[in-house]
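**Student:** Structure in structure tokens, see below.
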Amino acid sequence: MIEELFEIERLAYGDSPVHRLDARVKIVVTFAAIIALVAYPIEASVYLVALVFALLLGLLLAVSRVPLRTFSLRLLAILPFGLSILLFQVLFPPVAFASTTVVLSLPFGIVVSEEALEKAAMIGVRFVLCIGFVILLSSTTKLQDLLTGARRLGFPAEFTLILGMMTRYLFVFGQMFLRVRNALSTRCFDPFDRSLPYAYRIRQLGNTIGTMFIRSYEQGERTYTAMLCRGYGKDAYLFVPKKPLTAPEWGTLAGCMLVVIGGPLAVFWLS
Amino acid sequence: MHLIETHNLSYAYRDSVRALDNVNFVAPRNTRIAVIGPNGAGKSTLFKHLNGIVLPQSGRVLVRGEPITKKNLKEVRKFVGVVFQNPDDQIFAPTVEQDVAFGPTNLGLDEKTVMHRVDEALGLLGIEYLRHRAPHHLSGGEKKRVAIAGVLAMEPEVLVMDEPTAGLDPRGRDDLVRFVNSLSSQYGMTVIFSTHELDLITAVADYIYVMDQGRILAQGTVPEIFEQEEMLRKIRLDVPVIPKLCRSLRRRGAEIPMAYTYEEAEAGLSTALALRVRP
Numbered sequence: 652m653i654e655e656l657f658e659i660e661r662l663a664y665g666d667s668p669v670h671r672l673d674a675r676v677k678i679v680v681t682f683a684a685i686i687a688l689v690a691y692p693i694e695a696s697v698y699l700v701a702l703v704f705a706l707l708l709g710l711l712l713a714v715s716r717v718p719l720r721t722f723s724l725r726l727l728a729i730l731p732f733g734l735s736i737l738l739f740q741v742l743f744p745p746v747a748f749a750s751t752t753v754v755l756s757l758p759f760g761i762v763v764s765e766e767a768l769e770k771a772a773m774i775g776v777r778f779v780l781c782i783g784f785v786i787l788l789s790s791t792t793k794l795q796d797l798l799t800g801a802r803r804l805g806f807p808a809e810f811t812l813i814l815g816m817m818t819r820y821l822f823v824f825g826q827m828f829l830r831v832r833n834a835l836s837t838r839c840f841d842p843f844d845r846s847l848p849y850a851y852r853i854r855q856l857g858n859t860i861g862t863m864f865i866r867s868y869e870q871g872e873r874t875y876t877a878m879l880c881r882g883y884g885k886d887a888y889l890f891v892p893k894k895p896l897t898a899p900e901w902g903t904l905a906g907c908m909l910v911v912i913g914g915p916l917a918v919f920w921l922s
Numbered sequence: 141m142h143l144i145e146t147h148n149l150s151y152a153y154r155d156s157v158r159a160l161d162n163v164n165f166v167a168p169r170n171t172r173i174a175v176i177g178p179n180g181a182g183k184s185t186l187f188k189h190l191n192g193i194v195l196p197q198s199g200r201v202l203v204r205g206e207p208i209t210k211k212n213l214k215e216v217r218k219f220v221g222v223v224f225q226n227p228d229d230q231i232f233a234p235t236v237e238q239d240v241a242f243g244p245t246n247l248g249l250d251e252k253t254v255m256h257r258v259d260e261a262l263g264l265l266g267i268e269y270l271r272h273r274a275p276h277h278l279s280g281g282e283k284k285r286v287a288i289a290g291v292l293a294m295e296p297e298v299l300v301m302d303e304p305t306a307g308l309d310p311r312g313r314d315d316l317v318r319f320v321n322s323l324s325s326q327y328g329m330t331v332i333f334s335t336h337e338l339d340l341i342t343a344v345a346d347y348i349y350v351m352d353q354g355r356i357l358a359q360g361t362v363p364e365i366f367e368q369e370e371m372l373r374k375i376r377l378d379v380p381v382i383p384k385l386c387r388s389l390r391r392r393g394a395e396i397p398m399a400y401t402y403e404e405a406e407a408g409l410s411t412a413l414a415l416r417v418r419p
């Protein structure tokens, strides 16, 4: 399972016009799309807006050549979170509707109404599209580029430094875990080996996790000392050189923003 | 039949260059084998194949003439003990004693046998005094010895050590050399190790494999390998100081015998010098 950790960024190392696009453009477009989708009132015309955004997302996905399978799998992995929100939306609508058509009556006075279902569907569509944009961003942008981009957009240096170190050490500890696992199996330990007593296996696993904890703590201390040695202090930040956007990048940004802002406005006025 | 053999063993990590490329490696009984090569040559990957931590992508690994399968994995790991480079990856129990007991317990031995093996292993490395200490309070050299004891307690017939001298002080290194030699001479074990300390090899190895970019570039006895200075330099290695000195002196006309170990050189040089001083 831990091997998957090292795979997580592989897609982002691909090459396509979307991959090559400056991270800032991608971050701005993604957030603009999310804000536009969430800001649009929940009414029937939201489906039209959704269609516009879906077309944009589809176009970008096609250009980026992110495999549809990977995209869908990642979407599926996040979907349960949205579904749980929708479930609450259906069962316990936060807003009382003017009139309701009861579809299903459940015990304890819980009622499922047609209006609540409709609203849930609209929220669901928005949710899927928002996540879609985020997945596109994460599948075409390396973590480091995301951080550099965020930094160039004015994201506080404290956050980018900490996030950067977090991703760095995520991989360090992933590798450490793999080495520890090898060392355990070299001495014939398998946590699923039924010939060993259950309590013994649990205890050894506990010891392993405890040791990893101590080691990460010590690693943290060492890294911090090393950072201090290189002048780390409250004003320290990661070095990010200035880099102006190129004309095509400005063009792409303008085009996408036109769709993201103009699309919903046009639909709103027309309907 | 050799204890361990690999036939045309190849392995590539995901998406990367070949870590092993058609490796044919043989470990006979009671030999001390050094595997040398620059960083990233594939030494560690080869070692991980020897006890089935990594299974071959193509080619074969035979342990006592049999390929490693799920069924004999436990037997293989009991037979081939591997000590990894960083002892911290291996030592995890709250006390040294418990850590050394870990392997034998996993083999399903009873408590009395386990304790006996712990005593033996700690004694062999001379670290009985560390018995009740917590591993994270030990020094680097002590941790290294605990890690080796933990594997020896499983009583393997082949001991594989990845960079055993990394981070050891000179005394620790000398102890290790003596220890490896005693494993071979007293217990008839086969020891396979990798190292960057070329000076060490002449005192420990019977046979050398030279690896570079996943391939075995050369193999042979100590004199056979250290004759090929050019090849070694090409892959960022070198000839150890003693044979290097002997060779350059001989090239300049000094009449001394070729020597590889300190003792040989000492004997050879003192004879030569003595002859000149007292004709």
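Sequence lines, in order, name chains C and A.
Taking this note's numbering, the leading residue of the first sequence gets 652, the next gets one more, and so forth.
Taking this note's numbering, the leading residue of the second sequence gets 141, the next gets one more, and so forth.
Glycine is no exception: its CB is placed at the ideal position from the N, C-alpha and C atoms.
In this text, all values refer to a predicted model and were calculated from it rather than measured experimentally.
Determine the contact status of C/ARG803 and A/VAL291, defining contact as a CB-CB distance below 9 Å.
**Tutor:** Result no, Cβ atoms of C/ARG803 and A/VAL291 do not sit closer than 9 Å.
**Student:** Over what stretch of residues does the beta strand (DSSP E) that includes A/MET301 continue unbroken?
**Tutor:** Segment 298-302, the beta strand (DSSP E) holding A/MET301.
**Student:** Could you tell me the alpha carbon to alpha carbon distance between C/ILE865 and A/PRO234, rounded to whole angstroms?
**Tutor:** Going from the Cα of C/ILE865 to the Cα of A/PRO234 covers about 11 Å.
**Student:** Taking the beta carbon of C/PHE810 as the centre, do at least 16 other beta carbons fall within 10 Å, making it buried, or is it exposed?
**Tutor:** C/PHE810 should be labelled exposed.
**Student:** If you run the structure through DSSP and keep just helix, strand and coil, what is A/ILE341?
**Tutor:** DSSP places A/ILE341 in helix when its eight states are reduced to three.
**Student:** Quick one: give me the first and last residue of the beta strand (DSSP E) that C/LEU755 is part of.
**Tutor:** Counting along the chain, the beta strand (DSSP E) containing C/LEU755 begins and ends at 753-756.
**Student:** Check whether the Cβ atoms of C/SER723 and C/GLY665 sit closer than 9 Å, and answer yes or no.
**Tutor:** Taking 9 Å as the Cβ cut-off, C/SER723 and C/GLY665 do not qualify as a contacting pair.
**Student:** Leaving out five residues before and five after A/ARG257 in sequence, what residues of the same chain have Cβ atoms less than 6 Å from its Cβ?
**Tutor:** The answer, listed in chain order, is PRO244, ALA293.
**Student:** Answer yes or no: do A/TYR347 and A/THR171 have a C-beta to C-beta separation smaller than 9 Å?
**Tutor:** Yes, the pair counts as a contact, with Cβ atoms nearer than the cut-off.
**Student:** Going by the CB atoms, is the gap between C/VAL697 and C/ARG777 shorter than 9 Å?
**Tutor:** Taking 9 Å as the Cβ cut-off, C/ARG777 and C/VAL697 qualify as a contacting pair.
**Student:** Looking at chain C, is there any beta carbon in it that lies within less than 9 Å of the beta carbon of A/VAL417?
**Tutor:** Reliability of the predicted coordinates at A/VAL417 is poor, the pLDDT of 49 falling under 50, and the value obtained from them is presented with this limitation in mind. A/VAL417 does not count as touching chain C.
**Student:** With DSSP as the reference, label C/PRO915 as helix, strand or coil.
**Tutor:** Looking at C/PRO915 - three-state DSSP - the assignment turns out to be helix.
**Student:** Per DSSP, what are the beta-bridge partners of A/ASP352 in this structure?
**Tutor:** According to DSSP, which records beta bridges pairwise, A/ASP352 is partnered with A/ARG355.
**Student:** Return the CA-CA distance between C/VAL910 and C/LEU738, expressed in angstroms with no decimal places.
**Tutor:** If I take the Cα positions, the gap works out to 31 Å.
**Student:** Does DSSP put A/HIS147 in a helix, in a strand, or in coil?
**Tutor:** The answer is strand: DSSP assigns A/HIS147 an E or B state.
**Student:** What does A/LYS188 touch in chain C if you count any residue whose Cβ is under 8 Å from its own?
**Tutor:** Near A/LYS188 (Cβ distances below 8 Å), the residues of chain C are ASN833.
**Student:** When you compare only the Cα positions, how much space is there between A/PRO397 and A/GLU370?
**Tutor:** Approximately 22 Å, taken between the alpha carbons.
**Student:** Among C/ALA683, C/LEU847, C/THR903, C/GLY902, whose alpha-carbon lies nearest the alpha-carbon of A/ASP250?
**Tutor:** The candidate whose alpha carbon is nearest that of A/ASP250 is C/LEU847.
**Student:** Pull up the DSSP beta-bridge partners for A/VAL222, would you.
**Tutor:** DSSP output for A/VAL222 lists A/VAL300 as bridge partner(s).
**Student:** For A/TYR347, name the three-state secondary structure that DSSP assigns.
**Tutor:** If DSSP states are grouped into helix, strand and coil, A/TYR347 belongs with the strands.
**Student:** Grouping DSSP H, G and I as helix and E and B as strand, with all else coil, what is C/PHE864?
**Tutor:** Here C/PHE864 sits in helix by DSSP.
**Student:** Can you check which of these residues, A/GLU406, A/ILE267, A/GLY281, A/TYR400, is closest to A/GLU364 by C-alpha distance?
**Tutor:** The shortest C-alpha separation from A/GLU364 is found at A/TYR400.
**Student:** Could you give the residue range of the alpha helix (DSSP H) that holds A/GLY263?
**Tutor:** Looking at the DSSP string, the run of the alpha helix (DSSP H) that includes A/GLY263 is 251-265.
**Student:** Is any beta-carbon of chain A found at less than 9 Å from that of C/CYS659?
**Tutor:** One point to set straight first is that residue 659 of chain C is Ile, not Cys, in the sequence displayed. Chain A contact via Cβ: absent.
**Student:** Using a Cβ cut-off of 9 Å (strictly closer), state whether A/ILE356 contacts chain C.
**Tutor:** Chain C, which has no Cβ nearer than 9 Å to the Cβ of A/ILE356, makes this no.
**Student:** Within 9 Å of any Cβ in chain A, is that where the Cβ of C/THR837 sits?
**Tutor:** At least one chain A Cβ lies under 9 Å of C/THR837.
**Student:** Rounded to whole angstroms, what is the Cα-Cα separation between A/GLY199 and C/TYR883?
**Tutor:** Whole-angstrom Cα-Cα distance: 50 Å.
**Student:** Report the three-state DSSP secondary structure of A/ASP161 (helix, strand or coil).
**Tutor:** Strand.
**Student:** Please determine, among A/SER334, A/THR411, A/ASN162, the residue with the shortest C-alpha to C-alpha distance to A/ASN148.
**Tutor:** Ranking the options by Cα distance to A/ASN148, first place goes to A/ASN162.
**Student:** Going straight from the alpha carbon of C/GLN855 to that of C/ARG675, what length do you get?
**Tutor:** Spanning the two alpha carbons is a distance of roughly 47 Å.
**Student:** By the 9 Å beta-carbon criterion, what residues does the segment 376-409 of chain A contribute toward chain C?
**Tutor:** The residues in question: there are none.
**Student:** For A/PRO227, is the classification buried or exposed, using 16 other Cβ atoms within 10 angstroms of its Cβ as the cut-off for buried?
**Tutor:** With 16 or more other Cβ atoms within 10 Å, it is buried.
**Student:** With a threshold of 9 Å between beta carbons, is C/SER735 in contact with chain A?
**Tutor:** Taking Cβ atoms only, chain A never reaches closer than 9 Å to C/SER735, which makes this a no.
**Student:** According to DSSP, A/ILE176 sits in a beta bridge with which residue or residues?
**Tutor:** DSSP, once it has assigned bridges, lists A/VAL350 as partnering A/ILE176.
**Student:** Once DSSP output is grouped into helix, strand and coil, what is the label at A/ARG200?
**Tutor:** Here A/ARG200 sits in strand by DSSP.
**Student:** If the cut is a Cβ gap below 8 Å, which residues of chain C does A/ILE193 touch?
**Tutor:** ASN833, SER836, THR837, listed in chain order.
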